[in-house]
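At position 5 of the sequence shown (counting the first as 1) the number is 6 in the working numbering, and the numbers step up by one without a gap. All C-beta atoms in this analysis are idealised placements derived from N, C-alpha and C, irrespective of residue type, glycine included.
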Amino acid sequence: MKNEVGKFVAGYFGLSISEIGMMTKISDIAENDFEAINFSFDFEKKFNVEISEDEAMRLTRVRDFVRIVERKK
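This is how it looks when you write it as structure tokens:
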């Protein structure tokens, strides 16, 4: 799952997979807060998971997105 999420993150933000690590902060690679929020919505669709508002507030790094998919699948 880690590779799938990493590829999605890299593609979404126009980066190479080598530029993305598990500790990468979404806020560091998003151009602004709006893009980061849209990423969360698109992530939900791509991985068919529902992210609550409380969970969304805690999703800051790539590893957090990996963990939520693993937990909800």
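Contact belief for residue i with residue j at Cβ below 8 Å, rounded distance in angstroms
i, j, result
"residue 13", "residue 48", "That pair is no contact at about 12 Å."
"residue 24", "residue 62", "6 Å"
"residue 56", "residue 69", "6 Å"
"residue 91", "residue 11", "Look at the range of the chain in this structure, 2 to 74, and you will see that residue 91 is not part of it."
Residue i burial status per 10 Å Cβ neighbour count (16 or more: buried)
i, result
"residue 66", "buried"
"residue 22", "exposed"
"residue 18", "exposed"
"residue 9", "buried"
Proximity test, residue i beta-carbon vs the ligand MG heavy atom, cut-off 7 Å
i, result
"residue 53", "This structure lacks the ligand MG, and indeed carries no ligand of any kind."
Sub-8 Å separation of residue i and residue j beta-carbons
i, j, result
"residue 16", "residue 38", "no"
Query raised in the report: Which full runs of the alpha helix (DSSP H) of 4+ residues lie inside the stretch 3-56, going along the chain?
Result: 3-14, 27-30, 34-48
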